[in-house]
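Inspection log for the structure reproduced underneath, given as structure tokens.
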Amino acid sequence: MTHDHGTPPVRVGVLGAASIAWRRVVPAMTACPDVDVVAVASRDPRRARRFADRFGCAAVTGYEALLERTDIEAVYVPLPAALHHTWAARALAAGRHVLIEKPMATTAEEARELTALAESRGLVLRENFMFLHHPRHRAVTELLRDGRIGRLRMLHASFCVPPLPPDDIRYTLGLGGGALLDTGVYPLRTAVHFLGRGLRVTGATLRTRPRDGLDLSGQVLLAADSGVLASLDFGFEHGYGARYALWGDRARLTADQTVSPPAELRTQLRIEEQDREERLLLPPADQFLACVTEFAAAIRGPVASRGTGRDPWHADAVATLELVDAVRERAVRVPCEGDGPQNA
């Protein structure tokens with residue numbers, strides 16, 4: 006998207022000096038002509054200053070102080086999951102558009118409250134699932150629509166990463182830690198993306214830390230209203246892997262590196278039939294830049310489209326967290342004695 010010089014860039018404040026903001030999102034914002042990063046807030050003045058020095062913006066101590074600034078119209082929230090609802094609600098109440106790290110909240114009820122608040126105030130609220138902005142997934146949708154793999158029967162999706170550093174906040178139960186809310190929401194969101202919102206959890210297993218029940222990995226089985234089945238894997242205990250496969254009655258389509266492919270990478274899709282295999286090479290794409298560009302476009306787009314209660318991004322965020330809630334309720338928990346950091 007080229008910047009319309011008659012439209013000023015969206016003035017954004019970053020609420021929290023998180024790693025994902027430093028590595029991925031704020032660099033994408035500074036590369037986007039439609040966004041102007043005005044300030045970064047942290048409870049630690051040194052962290053705020055480090056961001057400010059790198060990205061050429063103001064350093065703010067404390068999150069409330071950021072929301073009090075009059076030169077910010079949108080807020081990016083990369084805080085731990087348990088803080089998403091509180092600070093997104095405060096930002097929306099302060100009249101700011103919000104881009105919030107995934108998942109939008111820790112429960113479907115929290116997500117419903119946030120989407121209702123955004124709609125009631127005519128504000129843009131987006132969940133930062135960056136992978137959905139990679140054009141490869143549109144290509145997959147078109148192949149499905151064209152019948153390339155026949156009638157869809159199954160979806161398999163996985164996102165697993167190696168164990169995290171012992172002091173990582175994702176090992177802290179009180180901050181919304183655990184694999185389900187971190188890596189698990191990716192395959193769940195993939196299922197919602199391709200199969201729609203009418204999904205039921207038909208089975209789930211979570212490997213948990215005995216001393217506090219924190220989930221370190223898991224599996225989920227889903228059934229769509231259409232009869233398509235899905236099996237999902239996620240966790241903090243594996244060699245890195247991020248992929249999905251859509252299996253039809255004619256062929257199987259597989260995509261690898263589905264969560265955060267490098268912007269310069271030419272991604273590929275593999276289509277396997279009984280007696281032949283086809284590989285489709287797709288052009289590189291920067292999903293991080295595409296995500297922040299879309300957020301800015303939604304803010305600068307028609308205000309009349311907001312507050313309708315029909316925003317598909319909102320509905321999909323709620324549907325994904327409804328699945329999270331159902332997994333928590335239905336999961337068989339398998340204690341994994343001795344696994345996971347002991348000093349987290």
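Take 6 as the starting number for the sequence shown in our numbering and just add one per residue. The beta carbon of each residue, even a glycine, is placed where N, CA and C say it ideally should be. Bear in mind that the values here come from a model prediction, so they are computed numbers and not experimental data.
Straight-line gap, residue i to residue j (C-alpha atoms, nearest Å)
i      : j      : result
Leu200 : Pro192 : 12 Å
Tyr249 : Val264 : 10 Å
Ile276 : Glu283 : 5 Å
Ala63  : Val42  : 9 Å
Arg158 : Gln292 : 28 Å
Ser125 : Val323 : 17 Å
Thr91  : Ala116 : 11 Å
Ser222 : Val166 : 10 Å
Asp217 : Val206 : 24 Å
Ala113 : Arg74  : 30 Å
Ala123 : Arg311 : 9 Å
Pro307 : Ala98  : 21 Å
Arg141 : Asp280 : 25 Å
Ala349 : Pro171 : The pLDDT assigned to Ala349 is 43, lower than 50, so where the model puts this residue is not dependable; a value taken from the coordinates is nonetheless given after this. The alpha-carbon atoms of Ala349 and Pro171 are separated by roughly 5 Å.
Leu226 : Gly203 : 14 Å
Ala79  : Met109 : 16 Å
Asn133 : Val297 : 9 Å
Ala23  : Gly152 : 42 Å
Glu342 : Arg175 : 19 Å
Glu278 : Glu147 : 18 Å
Ala93  : Ala256 : 43 Å
Gly314 : Lys107 : 20 Å
Leu160 : Ser236 : 6 Å
Proximal residues to residue i (C-beta, below 8 Å), its chain only, five neighbours per side dropped
i      : result
Val145 : Phe199, Leu251, Leu258, Ala260, Leu274
Glu299 : Arg131, His138
Ile77  : Arg16, Val17, Gly18, Val43, Ala44, Leu71, Arg101
Supposed close pair residue i, residue j - CB separation, criterion 8 Å
i      : j      : result
Leu185 : Asp220 : 5 Å
Val40  : Ala301 : 5 Å
Pro14  : Pro38  : 7 Å
Thr195 : Ala336 : So it is not a contact: roughly 19 Å between Cβ atoms.
Ile154 : Gly253 : 3 Å
Thr35  : Phe60  : 6 Å
Pro340 : Pro215 : 4 Å
Leu180 : Ala87  : 5 Å
Phe241 : Thr188 : 7 Å
Bridge partner(s) assigned by DSSP for residue i
i      : result
Cys165 : Gly240, Gly246
Gly201 : Paired residues: none, contrary to the question.
Ile304 : BP columns for Ile304 are empty, so no partner.
Trp27  : Paired residues: none, contrary to the question.
Arg338 : Leu211
Ser47  : Thr66
Leu285 : Leu274
Leu160 : Ala235, Leu251
Leu226 : Gly208, Ser236
Asp220 : Thr213
Segment limits, alpha helix (DSSP H) that includes residue i
i      : result
Thr91  : 89-98
Thr120 : 113-126
First and last residue of the uninterrupted beta strand (DSSP E) at residue i
i      : result
Tyr81  : 79-82
Arg131 : 130-133
Val233 : No beta strand (DSSP E) contains Val233, which DSSP labels as neither H nor E.
Glu147 : Premise fails: Glu147 lies in the alpha helix (DSSP H), 141-150, not in any beta strand (DSSP E).
Glu277 : 273-277
Arg281 : Counting along the chain, Arg281 falls outside any beta strand (DSSP E), and DSSP gives it neither H nor E.
Gly18  : 15-20
Arg255 : Premise fails: Arg255 is in no beta strand (DSSP E) and is neither H nor E.
Leu104 : 102-106
Cβ shell of residue i (< 6 Å), same chain only, five flanking positions each side left out
i      : result
Leu286 : Arg271, Gln273
Ala303 : Val129
Gly183 : Leu219, Asp220
His319 : Thr120
Arg54  : Ala64
Asp238 : Ser163, Gln224
Met135 : Gln292, Phe293, Cys296
Ser47  : Ala22, Ala53
His243 : Cys165
Nonlocal neighbours in the same chain, by C-beta distance under 7 Å from residue i, ignoring five residues either side
i      : result
Asp330 : Thr112, Ala113
Leu328 : Leu193, Leu204, Val206
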